[in-house]
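Residue numbers (our numbering): 27 to 256. To keep things clear, I will list the structure first and then write my remarks on it.
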Amino acid sequence: MEEEKQYKAYYDIQKELRARVIHSDVLPEKINYIAGTDVAYNDEDNTMIGAAVILDAETLEVIETAHHEMETTFPYVPGLFSFREIPALLEAFKKLKTQPDLIVCDAQGIAHPHGVGMATHLGLELDIPTIGCAKKRLLGDYDKAVLPSQRGASQTLLFEGKKICAALRTQDDIKPMFVSIGHKVSLETALIWVLKLCSQYRLPETTRQADQLVNRLRADSISKKTLEKE
DNA sequence: GCGACAG
DNA sequence: ATCTTGTCGC
Numbered sequence: 027m028e029e030e031k032q033y034k035a036y037y038d039i040q041k042e043l044r045a046r047v048i049h050s051d052v053l054p055e056k057i058n059y060i061a062g063t064d065v066a067y068n069d070e071d072n073t074m075i076g077a078a079v080i081l082d083a084e085t086l087e088v089i090e091t092a093h094h095e096m097e098t099t100f101p102y103v104p105g106l107f108s109f110r111e112i113p114a115l116l117e118a119f120k121k122l123k124t125q126p127d128l129i130v131c132d133a134q135g136i137a138h139p140h141g142v143g144m145a146t147h148l149g150l151e152l153d154i155p156t157i158g159c160a161k162k163r164l165l166g167d168y169d170k171a172v173l174p175s176q177r178g179a180s181q182t183l184l185f186e187g188k189k190i191c192a193a194l195r196t197q198d199d200i201k202p203m204f205v206s207i208g209h210k211v212s213l214e215t216a217l218i219w220v221l222k223l224c225s226q227y228r229l230p231e232t233t234r235q236a237d238q239l240v241n242r243l244r245a246d247s248i249s250k251k252t253l254e255k256e
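If you want it as structure tokens, here you go:
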């Protein structure tokens with residue numbers, strides 16, 4: 027309907043981005059640093075905080091973080107989600123001293139109606155290998171009953187006949203995560219890294235650290251603003 | 001037509 | 001995403 031026209035420019039951008047996605051492994055021989063990202067919102071003043079955390083790929087310790095707070099301008103439109111969060115994330119990445127070899131996003135990669143989920147979009151913008159690791163399935167079909175309950179079990183999801191992502195059990199007897207190619211990483215490699223990052227919890231350590239960071243920052247930001255008012 | 005829809 | 005504490009169950 028009218029929404030189609032309203033957002034046409036963004037759909038056109040996605041079409042261009044989609045053509046540039048690299049589905050194979052084009053990453054460093056040795057991965058030293060892995061980044062996690064997340065964004066938190068403050069409805070009160072319509073702002074958001076985007077953050078990037080860098081973990082040592084070996085120890086999974088946080089070695090650097092960066093963030094950026096700005097006004098939220100793009101609405102949440104399913105299918106155009108990346109345009110909402112990416113501005114804050116790009117600014118956060120600019121502030122990092124350490125450039126990551128790989129980024130794990132808390133969102134979809136190519137498992138997206140136009141093949142350009144948040145992880146893929148970010149990977150293309152930064153020209154850094156990315157993996158999409160979402161808590162929920164967006165699209166693609168699979169047989170839940172066939173996915174074993176053991177950590178490490180995975181099953182490919184099909185969309186229009188193509189393997190677009192995989193449900194991955196990151197811990198025994200817990201809901202799977204949905205892993206997809208972002209950019210410059212194969213699905214096989216993506217699964218290996220996500221599993222490695224989920225040694226203790228359902229969510230990758232990258233996502234957990236980024237999530238905790240933005241929530242701390244948001245709490246700080248809100249209390250600071252309320253103090254200024256009074 | 002109806003429902004679903006990453007975060 | 002966000003609003004929110006304790007609590008039922010293994």
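Ideal Cβ positions, reconstructed from N, Cα and C, are used throughout, including at glycine. Please read all numbers here as calculations on a predicted model, not as lab measurements.
Could you tell me whether the Cβ atoms of residue i and residue j are closer together than 9 Å?
i      : j      : result
Val79  : Thr196 : no
Leu106 : Tyr36  : yes
Ser212 : Asp69  : no
Arg228 : Ile200 : yes
Ile268 : Gln125 : The structure shown does not extend to residue 268, since the chain spans only 27 to 256, so no value can be given for it.
Leu128 : Ala236 : no
Ala193 : Leu223 : no
Ala83  : Met74  : no
Phe119 : Leu86  : no
Ala77  : Met96  : no
Lys121 : His94  : yes
Asp64  : Val240 : yes
Gln226 : Asp198 : no
Lys250 : Asp71  : no
Glu117 : Met144 : no
Tyr59  : Leu81  : yes
Asp167 : Phe185 : yes
Using 8 Å for Cβ pairs, my map puts residue i next to residue j. What's the rounded Cβ distance?
i      : j      : result
His209 : Leu150 : 6 Å
Val47  : Thr146 : 6 Å
Cys191 : Ala133 : About 12 Å; that fails the 8 Å criterion.
Leu53  : Val142 : Contact doesn't hold; Cβ gap of about 20 Å is too wide.
Leu217 : Ser180 : 6 Å
For the ligand ZN, is there a heavy atom less than 8 Å away from the beta-carbon of residue i?
i      : result
Gln176 : The ligand content of the structure shown is nil, which means the ligand ZN is not present either.
Taking only three categories from DSSP, how would you classify residue i?
i      : result
Ser180 : strand
Leu194 : strand
Val220 : helix
Lys161 : coil
Ser206 : strand
Asp64  : strand
Ile57  : coil
Lys201 : coil
Ile48  : coil
Asp169 : coil
Val240 : helix
Phe100 : coil
Ala35  : helix
Ala83  : coil
Glu42  : helix
Glu70  : coil
Glu214 : helix
Glu186 : coil
Practice task
Report yes or no: do the region 154-161 and the region 203-223 share at least 3 C-beta pairs separated by less than 8 Å?
Solution key: Look at the beta carbons and you see the region 154-161 touching the region 203-223: at least three pairs across the two are nearer than 8 Å.
Exercise for the section: Taking only runs that begin and end inside the region 109-153, name each unbroken alpha helix (DSSP H) of 4 or more residues, in chain order. Expected result: 144-152
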